[in-house]
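Per this note's numbering, the sequence shown starts with residue 7, numbered consecutively. To start, the structure under review is shown below, and the notes come after it.
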Amino acid sequence: MNVSSPFASSSLAAFDSSSSNASSALFTPSSSALPATTNSSSTSAIFEEPPVDTWCFDLLLFYRSVGDDDPQAKNVLAQLEAYMKFSFVTNGVITCCLAVFGLLGNLAFLLQLRRSNCFSRRLANHLCVLSVWDIALLLCCLCSYGIMCIFYGILPFFGLTAYLLYLFQPFASFCVTGTIWQVLAITVERYKAVTRPLSSRKSQLPLRVICGAIAFGAFALNFLAVPFERKLIECYEFTQNGLYKIRTMIVQKELANNQYYAILAHLLPDVLFRAPTPILVIAILTVKTLQIASAQRTVGSQQIVRHRSLGRTSSVHLMLTLLSVKFVLCNTLYLFNTILMEVMGYGGKTSSQQTELEMEQYIRSLYLTDFSNCLLAIHSATNWLIFYKWNWPHFWKKQHKKRTEKFSANFSFSSSNPEVLKSSLLDTQSTEIALKRFGERRQQICADILFVLSSNSYAIAKAFGVAEERENGTLSRNTFLDNAVLRKNVLQLAEIVESLLNALARSYEMDFTILEWINLCRQIGYDFFRVNSILTADQWKIVRTQLVLSLSKNPTTQLRWQPSPAKVRQVVLTNLQKAFIRTFNIALREMKNGACCALVDFSQRQSSVETNGMVQTDGGPNAEDFPPRRLIRRLTKSGGCPAVSSLSKSLFSRPSPSRDSSFSLIFPTDEREAEEDEEQKQQQQRKRSDESGKRRGTMPTEGQMRTKGNGRGEQRGCARTMLTISRQGTVPQLQQPNGVHG
């Protein structure tokens with residue numbers, strides 16, 4: 007009788023020694039072979055009827071019984087004995103060693119994940135689930151065929167092994183499917199995080215939903231068909247004294263040999279959900295993720311500084327890439343076996359009357375399946391090696407030190423590590439070079455920056471009062487150097503740049519730290535917070551380009567652009583220019599953080615001064631301490647403060663008194679606009695004063711209030727509100743309740 011491929015499912019074939027297809031229903035000896043088998047066992051068995059109809063089939067015993075009379079059977083017996091030695095080493099010794107090694111390693115990795123925060127919470131949960139799948143898979147390998155192959159060589163299909171195969175082979179296939187889908191889920195989330203980093207978190211499904219769907223789908227694919235394909239039956243075995251022994255054997259049902267059922271129940275699900283589709287998707291997404299990640303390291307003329315690359319990000323990126331690559335390599339043979347055995351039917355035809363070629367194909371399929379089993383065991387046993395932190399004691403002390411160490415609130419706004427941040431900035435020698443070159447031409451460099459900004463933006467030119475020169479084409483660097491008022495702006499900008507370079511140079515000394523340099527950048531952004539709302543990103547790039555060119559060795563050299571393979575504009579820069587750009591970007595980032603804090607402080611103080619359109623005239627801060635209302639209205643229309651959080655409130659709790667006056671030194675406010683704001687403010691105050699005077703004139707007396715105490719509710723409410731205002735001792739400026747008119 008013919009058989010299908012090694013078990014109808016390719017995932018079952020991955021954990022089936024493929025000889026399990028040789029069940030009694032498939033390998034039951036024919037009537038001509040049965041007497042030879044019984045004669046070799048006992049002569050008394052010829053005259054006795056066996057207690058059951060099925061013989062406990064033993065592949066080696068069958069060919070040994072007919073090998074003396076059949077040369078083909080003798081050749082097959084030699085091949086089976088060679089395979090038995092191979093199975094003892096591969097399925098027995100190697101599999102058991104891999105299982106023990108993988109179980110201990112995965113348990114240690116789970117313990118490390120529980121006690122550390124070396125990965126993000128979501129990735130750590132993914133890795134925990136993957137380790138659980140690997141542990142279950144290794145246990146199935148150990149129980150289903152690992153220990154048995156050490157004792158028997160070739161896996162038998164009766165006795166205790168029948169129960170183990172019936173229980174653990176579907177569960178092993180369940181674990182294989184779960185491992186494939188778990189790695190696929192990690193790969194898809196990693197791809198989405200690289201391609202759409204801002205929207206990926208919102209579109210993420212809960213991890214419990216993902217793991218539950220994986221477990222349910224894997225269960226449906228591997229367990230539901232087991233009662234329709236396999237069964238445990240009783241069989242008889244010959245003993246040495248010529249008696250029969252009743253055993254239990256696992257066999258396949260007739261439905262499993264149906265071609266249409268095999269296609270619908272095994273081939274299509276295998277192709278879609280096990281191999282090759284998930285494996286190919288993992289390989290494609292891994293390659294695309296690597297391409298996109300490498301292309302995103304350069305944006306415009308700036309190479310992104312990954313502040314956590316030394317500690318976490320780059321290592322995690324490498325770990326996930328290695329996981330995907332190792333998964334594809336270890337599952338390639340599994341994919342090849344699926345196509346070869348399920349689609350092409352290689353090694354599937356096995357019967358007592360088969361040809362020599364068919365038997366050779368069957369034995370070769372056993373080797374292929376064992377190699378596939380071994381690769382899957384290697385994959386599950388070594389996944390934890392990719393993510394495990396081998397410097398565990400040092401790592402634990404480092405994490406404990408981080409938890410006990412108290413950093414300042416200013417540093418908590420930025421997630422950068424000081425040591426990593428310092429490695430991204432200019433080194434000592436480069437900082438000294440920048441200071442020397444800037445000191446030689448400090449006024450010319452700053453005048454060039456203001457000149458380029460004014461040439462680029464009419465609003466900035468108008469704020470400096472050089473709009474006419476810009477329109478006439480007479481605007482130049484000398485315009486800012488010759489004019490006394492504009493020269494103050496140039497000197498102020500030069501002092502800011504030089505103070506940053508001096509502080510950066512001092513950060514490499516013992517008396518100054520990189521955190522103090524960060525605080526200085528934030529304080530500058532806090533003082534000049536209105537600059538952040540006026541300059542656009544392109545204008546900041548102009549400032550950066552001018553500084554880089556001015557501090558370079560050849561200031562007349564222009565930045566050269568060339569297309570990259572990813573069709574992204576890239577700039578050809580020297581190492582010193584790249585260091586300048588990184589330093590400028592980090593300083594600008596911290597300045598923007600300080601500007602955000604300034605806007606938050608201003609919004610809080612403004613809300614305490616103005617409530618429902620009322621202005622407090624006494625006991626409040628001076629109105630001159632705040633920026634013009636027109637700027638606030640413009641910020642409100644553009645979306646308001648970019649960062650309003652409790653974290654930013656803790657930074658710079660004491661506002662700088664010089665932030666408004668110093669702003670005019672660089673970007674002076676238009677005088678006409680300031681006069682209009684002041685006039686509008688005075689008109690509003692006069693209007694409120696007139697309205698409050700009218701309300702005082704119409705306020706009822708105490709006798710009128712007693713006579714009208716039983717009147718309408720609106721009047722009583724209005725009187726109570728007015729009395730409350732008068733007791734506070736402030737000017738009664740309030741909104742009238744509905745239905746009450748002055």
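Ideal Cβ positions, reconstructed from N, Cα and C, are used throughout, including at glycine.
Exercise for review: Give the straight-line distance between the Cα atoms of Ser482 and Phe457, rounded to the nearest whole angstrom.
Suggested key: 6 Å
Review point. So what's Thr338 in DSSP terms, helix, strand or just coil?
Key: helix
**Study point:** Between the CA atoms of Ser179 and Leu161 - distance to the nearest angstrom
**Key:** 18 Å
**Study point:** 4 or more residues per run - each alpha helix (DSSP H) lying fully within the stretch 432-472
**Key:** You should have 434-446, 448-462, 464-470.
**Study point:** Among Leu487, Ser460, Thr485, nearest to Ile540 - alpha-carbon criterion
**Key:** Ser460
Check your understanding: Any idea if Ile290 is buried or exposed, counting beta-carbon neighbours within 10 angstroms, 16 or more meaning buried?
Key -> exposed
Review point. To the nearest angstrom, how far is it from the Cα of Leu5 to the Cα of Cys380?
Key: Outside the modelled stretch of the chain, which goes from 7 to 748, sits residue 5, for which no answer is possible.
Review point. Hey, Ala383 and Thr101 are a contact pair by Cβ (cut 8 Å); roughly how many whole angstroms apart?
Key: 6 Å
Point to revise | Local Cβ density within 10 Å of Arg476, reported as buried at 16 or more and exposed below that | key: buried
Point to revise | Neighbour-count burial assignment, Ala268, 16 or more Cβ in a 10 Å radius | key: Its Cβ being crowded by 16 or more others within 10 Å, Ala268 is buried.
Check your understanding: When DSSP labels each residue in this structure, what does Ile239 get in the three-state scheme?
Key -> strand
Exercise for review: Determine the direct distance from the alpha carbon of Trp396 to that of Glu446, and round the result to whole angstroms.
Suggested key: 51 Å
Review point. With burial defined as no fewer than 16 other Cβ atoms inside 10 Å of the residue's Cβ, what is the status of Lys714: buried or exposed?
Key: At Lys714, the pLDDT of 44 sits below 50, so the modelled position is not reliable and the matter cannot be decided from this model.
Check your understanding: I think Cys149 touches Phe94, with their Cβ atoms under 8 Å apart; what is that distance to the nearest whole Å?
Key -> The C-beta separation of Cys149 from Phe94 comes to about 17 Å, leaving the pair out of contact by the 8 Å criterion.
Exercise for review: Return the first residue and the last residue of the beta strand (DSSP E) that Ile256 is part of.
Suggested key: Ile256 -> beta strand (DSSP E) spans 250-258.
Review point. Mind checking whether Thr437 and Leu510 have CB atoms under 8 Å apart?
Key: yes
Review point. Skipping 5 residues on each side, what residues in its chain have a beta carbon closer than 7 Å to that of Leu594?
Key: Trp546
Point to revise | Through-space distance from Ile141 to Asn599, alpha-carbon basis | key: 47 Å
Point to revise | Given Leu555 as reference, the closest of Leu133, Asp696, Tyr89, Ile587 once Cα atoms are compared | key: Ile587
**Study point:** Alpha carbon of Arg121 to alpha carbon of Phe115, nearest angstrom
**Key:** 10 Å
Review point. Anyone know if the C-beta pair for Ala440 and Val496 falls short of 8 Å?
Key: At a Cβ-Cβ threshold of 8 Å, Ala440 and Val496 do not count as neighbours.
Review point. Among residues of its own chain, excluding the 5 on either side of Ala221, which ones have a beta-carbon nearer than 8 Å to its beta-carbon?
Key: Gly184
Practice item. Confirm, please, whether the CB-CB distance from Thr375 to Ile239 is below 8 Å. Key: With contacts defined as CB atoms closer than 8 Å, Ile239 and Thr375 fail to qualify as a contacting pair.
Review point. Comparing alpha-carbon positions, which option in Leu133, Arg493, Phe244, Val277 lies nearest Leu326?
Key: Leu133
Point to revise | Status (buried if at least 16 other CB within 10 Å, exposed otherwise) for Gly479 | key: The residue is exposed, with fewer than 16 neighbouring Cβ atoms inside 10 Å.
Review point. Under three-state DSSP, which class holds Phe244?
Key: Here Phe244 sits in strand by DSSP.
Point to revise | Contact check, Cys146 vs Phe174, beta carbons under 8 Å | key: yes
Practice item. Leaving aside the five residues before and after Asn337 along the sequence, list all residues of the same chain whose C-beta is less than 6 Å from its C-beta, in chain order. Key: Ile285
**Study point:** CA nearest to the CA of Gly159, picked from Lys198, Leu166, Tyr151
**Key:** Selected option, being the one with the closest Cα: Tyr151.
Exercise for review: Would you identify the three-state DSSP class for Trp396, choosing helix, strand or coil?
Suggested key: coil
**Study point:** Rounded separation between Thr2 and Gln118 - CA only
**Key:** Limits of the chain in this structure are 7 at one end and 748 at the other, which puts residue 2 out of reach.
**Study point:** Phe164, DSSP secondary structure in three states
**Key:** strand
Check your understanding: Using the C-alpha atoms, what's the distance from Tyr464 back to Cys124?
Key -> 50 Å
Exercise for review: Please report how far the alpha carbon of Ile524 lies from the alpha carbon of Glu596, in whole angstroms.
Suggested key: 7 Å
**Study point:** One or two residues paired with Trp61 in a DSSP bridge
**Key:** Tyr242
Check your understanding: Are the Cβ atoms of Lys237 and Lys208 separated by less than 8 Å?
Key -> no
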